[in-house]
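For this note's numbering, add 14 to where a residue sits in the sequence shown, where the first one is 1.
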Amino acid sequence: MSRFRFILISALLIGGAWWAWQQFGASALSSKPIRYVKIEGAFQYTSKDRLKEVLAPQMKQGYYQADMDAIHQAIKALPLVDKVDVKRVWPDAVHIKITEQKPVVRWGKSALLNKQGDLLVPDNIDEFKNLPLITGPDGQEKKLLEIMKGVYIVLKDKSMQLAEFHVNERRAWRIKLASGMEMQLGRKAPLENMQRFLRTMDLLGEEQLAMIASVDTRYPNGFAVTWKPEVTNIDWKAIVEKNKNLI
Numbered sequence: 015m016s017r018f019r020f021i022l023i024s025a026l027l028i029g030g031a032w033w034a035w036q037q038f039g040a041s042a043l044s045s046k047p048i049r050y051v052k053i054e055g056a057f058q059y060t061s062k063d064r065l066k067e068v069l070a071p072q073m074k075q076g077y078y079q080a081d082m083d084a085i086h087q088a089i090k091a092l093p094l095v096d097k098v099d100v101k102r103v104w105p106d107a108v109h110i111k112i113t114e115q116k117p118v119v120r121w122g123k124s125a126l127l128n129k130q131g132d133l134l135v136p137d138n139i140d141e142f143k144n145l146p147l148i149t150g151p152d153g154q155e156k157k158l159l160e161i162m163k164g165v166y167i168v169l170k171d172k173s174m175q176l177a178e179f180h181v182n183e184r185r186a187w188r189i190k191l192a193s194g195m196e197m198q199l200g201r202k203a204p205l206e207n208m209q210r211f212l213r214t215m216d217l218l219g220e221e222q223l224a225m226i227a228s229v230d231t232r233y234p235n236g237f238a239v240t241w242k243p244e245v246t247n248i249d250w251k252a253i254v255e256k257n258k259n260l261i
């Protein structure tokens with residue numbers, strides 16, 4: 015066999031093998047199914063049904079044809095998902111690790127903030143009703159979250175739990191406690207106004223504090239108290255006499 019014939023035969027064999035691969039081998043690989051999807055992570059806000067819905071298009075592509083980057087982007091786009099790691103695992107599995115965001119407060123009517131003050135928009139805000147609420151001008155999320163943390167600590171030192179923190183367009187503060195009491199703090203030295211009221215709390219005592227509906231601290235030398243409708247007249251002389259050593 016001449017060298018030319020040998021090269022020709024070799025070329026035909028290689029060509030035939032490539033054609034067979036194109037017709038049968040590639041088809042077999044593209045049809046190799048994904049049999050297992052392992053999802054790791056301590057997540058509570060991302061439902062299994064939503065994950066199945068997002069994964070379905072790529073899972074149908076098969077083990078070799080499924081686009082791991084597309085899976086990563088689809089999951090990362092879900093509300094409250096922070097980090098995603100996706101990898102193909104031989105012979106027929108895809109492993110996914112998900113880390114969720116951790117919201118710490120509600121922002122307005124339909125959003126949340128994490129501890130860094132980043133804005134998050136969940137599918138359903140109702141499941142986060144137990145979180146404190148902040149309302150304020152758009153773009154001030156990080157700043158107001160930091161202020162709220164300080165207010166929360168000051169109130170906690172007085173065994174009070176902050177439920178809502180509101181700042182209007184004029185930068186006036188209003189807060190609401192878990193007990194239902196509201197405080198109008200204004201926009202001039204609002205924190206000092208709040209602390210001034212808190213210093214007088216020992217004069218009232220827990221029983222009287224529980225009767226307060228709202229407090230307006232926007233007065234230079236005091237504050238105005240609105241009592242709950244069912245509260246009877248309070249004997250202020252008795253209260254002052256009882257606490258005269260504290261005045």
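C-beta: ideal position from N, C-alpha, C; glycine also. Note that the coordinates shown come from a computational prediction; the quantities given were computed from them, not determined experimentally.
- Taking C-beta separations shorter than 6 Å and ignoring five residues to either side along the sequence, the partners of Glu178 in its chain run Leu147, Lys190, following chain order.
- Straight through space, the alpha carbons of Lys90 and Lys157 are spaced by roughly 26 Å.
- Residues Thr113 of the same chain have their beta carbon placed closer than 7 Å to that of Lys97, with the five preceding and five following residues left out of the count.
- Classified as exposed, Gly153 has fewer than 16 neighbouring CB atoms from the shown chains inside 10 Å of its CB.
- Taking 7 Å as the cut-off, the beta carbon of Leu94 is found closer than this to the beta carbon of Pro136.
- In this structure, the beta-carbon distance from Gln72 to Ile85 falls below 7 Å.
- Cβ contact annotation for Gln175 (same chain, cutoff 8 Å, sequence separation greater than five): Leu169, Leu191, Ala192, Ser193, in chain order.
- In the structure shown, Met82 adopts helical secondary structure according to DSSP, grouped into three states.
- Taking a 10 Å sphere around the C-beta of Ala80, we find 16 or more other C-beta atoms and assign the residue as buried.
- Taken through DSSP and simplified to helix, strand or coil, Arg102 comes out as strand.
- Around Val119, the same chain offers Leu127, Leu145, Pro146, Ile148 as residues with beta carbons nearer than 6 Å, after the five sequence neighbours per side are excluded.
- Taking the Cβ atoms as the reference, Asp106 lies roughly 7 Å from Lys46, within the contact range of under 8 Å.
- A straight-line Cα-Cα distance of about 32 Å links Phe211 and Asp132.
- Around the beta carbon of Gln58, a 10 Å sphere encloses fewer than 16 other beta carbons of the protein chains shown; the residue is thus reported as exposed.
- Judged by DSSP secondary structure, Ile161 falls within the alpha helix (DSSP H) whose first and last residues are 155-170.
- Contact check for Met225 and Trp241: beta-carbon distance about 5 Å, within the 8 Å limit, so the pair qualifies.
- In the structure shown, Leu133 falls within a strand segment according to DSSP collapsed to helix, strand and coil.
- Judged by DSSP secondary structure, Asp216 falls within the alpha helix (DSSP H) whose first and last residues are 215-223.
- Assigned with DSSP and collapsed to three states, Asp63 falls in helix.
- For Ile110, the enclosing beta strand (DSSP E) stretches over residues 107-114.
- Burial is judged here by how many other beta carbons sit within 10 angstroms of a residue's own beta carbon; Tyr50 has fewer than 16 and is exposed.
- Counting along the chain, the unbroken beta strand (DSSP E) around Ser228 starts and ends at 226-233.
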